[in-house]
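Mapped onto the working numbering, the consecutive letters of the sequence shown carry residue numbers 274 to 586. Every residue, glycine too, gets a C-beta built ideally from N, C-alpha and C. Here the structure is a predicted model, which means the values were calculated and not measured. Below: one structure, written as structure tokens.
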Amino acid sequence: MKYADMHCDTLTACCDSGLPLEGCGLQADLKKLKKNGCAVQCLAVFTQGEGSALRFADYLKFYKRALTEYKIKPVLSYSDFSDCLNSGDTGVMLTVENLGFMDCIDGLSVLKDCGVRMASLVWNYENSFAYPNLVFDGGVPDFGKREKRGLKPLGAEAVKALDGLKIIVDISHLSDGGAEEILSGRKIPAVASHSNAFGVCGVSRNLSDGLIKKVADCGGVVGVNFCTDFLGGDGNDTRACVLKHLRHIIAVGGEDVAAFGSDFDGIPAPPDFADCTHMPDLIEYLSANGISGRVLEKLCYANFARVVKEVCG
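Written out as structure tokens, the structure reads:
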């Protein structure tokens with residue numbers, strides 16, 4: 274079965290290392306994606322720290338060159354998504370992880386023009402938009418604590434602007450307070466592109482049941498992250514851990530909320546799940562263990578496709 278993956282850092286990793294997007298040998302190498310049934314791969318541009326705005330421009334140039342060089346279909350709409358499912362091609366959706374490189378919201382329309390269709394406000398460190406769900410104690414991350422502070426004024430403005438531009442709002446890495454503020458009473462789907470269930474693995478990077486339910490209530494989706502630290506387990510049982518998180522997310526939010534958000538090339542490779550070549554095996558494993566038929570189709574691609582249709586058009 275074909276699948277869509279809501280988050281990877283391969284674009285950023287390739288640009289940083291001077292590697293080609295296709296045939297680079299990384300976890301979500303374009304050649305591997307095409308061979309193993311990926312219909313749509315979200316490619317995140319990630320920046321952090323000084324010089325981020327200039328670096329973002331470099332990533333964007335790299336992305337545009339790759340589209341031309343490898344004749345990749347950019348996914349800008351539901352129609353593009355459907356074309357990739359029906360044609361057998363692997364399309365890519367450009368996303369932004371951490372809007373912190375911007376000091377105002379005026380540039381968000383530029384992101385839309387550049388092809389960005391999903392964006393998150395923050396990464397692991399506070400910025401002018403929001404607070405992260407990672408709490409530091411004496412400079413050391415404390416994964417047992419959860420951040421309750423909400424959005425900053427600029428963050429609230431950014432969410433409204435993203436909605437108006439039909440760019441999907443991504444709450445992964447965002448504080449509980451910020452996520453609650455976005456999701457409460459929300460009518461437009463929002464996503465957690467690469468987040469897991471706190472009820473299965475109790476680290477602050479994972480979503481509480483309350484947040485999973487609110488993502489579901491607005492028609493959004495949660496993409497399960499393959500990082501061992503957030504899955505639990507020992508890295509030799511990745512498929513079983515992914516299954517546990519998917520079952521929990523479905524039990525809390527229903528079958529329309531589950532999806533994949535691997536975080537390939539942003540995480541250490543689990544010993545038993547080195548790269549995207551393991552995706553067909555994972556899908557087969559899920560099917561053999563109670564997630565099959567229409568539900569499997571939904572979490573593999575249909576749930577995310579629905580969000581793209583409702584938000585991006």
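Query: Three or more C-beta pairs below 8 Å linking the stretch 388-407 and the stretch 437-452; Result: yes
Query: Contact between the stretch 424-432 and the stretch 342-353 (3+ Cβ pairs under 8 Å); Result: no
Query: Bridge partners - Lys-346, DSSP secondary structure assignment; Result: Gly-364
Query: Exposed unless 16 or more other CB atoms sit within 10 angstroms - verdict on Thr-501; Result: buried
Query: Reduced DSSP category for Val-530 - H, G, I as helix; E, B as strand; rest coil; Result: coil
Query: C-alpha gap between Val-395 and Gly-483, whole angstroms; Result: 21 Å
Query: Residues of its chain near Tyr-558, where Cβ-Cβ distance is below 6 Å and the 5 sequence neighbours each way are ignored; Result: Arg-512
Query: 8 Å contact criterion, which Ile-441 and Met-391 should meet: CB distance rounded; Result: 4 Å
Query: Contact between the stretch 506-523 and the stretch 288-304 (3+ Cβ pairs under 8 Å); Result: no
Query: For Cys-287, the three-state DSSP class (helix, strand or coil); Result: helix
Query: Residue interval of the beta strand (DSSP E) (run including Ser-393); Result: 389-393
Query: Per DSSP, cross-strand counterpart(s) of Leu-319; Result: The question names Leu, but residue 319 is Phe in the sequence shown. DSSP, once it has assigned bridges, lists Glu-370 as partnering Phe-319.
Query: Tyr-276 (DSSP reduced to helix, strand or coil); Result: strand
Query: Cross-strand partners of Pro-414 (DSSP beta bridge); Result: Phe-409
Query: Where the alpha helix (DSSP H) through Gly-428 begins and ends; Result: 426-438
Query: Beta-ladder partner(s) of Phe-329, from DSSP; Result: In DSSP, Phe-329 forms no bridge with anything.
Query: For Ile-485, the nearest candidate out of Phe-499, Lys-275, Ser-468 and Cys-474 (CA to CA); Result: Ser-468
Query: Bridge partners - Ile-441, DSSP secondary structure assignment; Result: Met-391
Query: Stretch-stretch touch, CB-based, cutoff 8 Å, three pairs: the stretch 301-318 with the stretch 278-293; Result: yes
Query: Burial state of Pro-543 (16 or more Cβ within 10 Å); Result: buried
Query: Exposure of Asp-282, with buried meaning 16 or more beta-carbon neighbours within 10 Å; Result: buried
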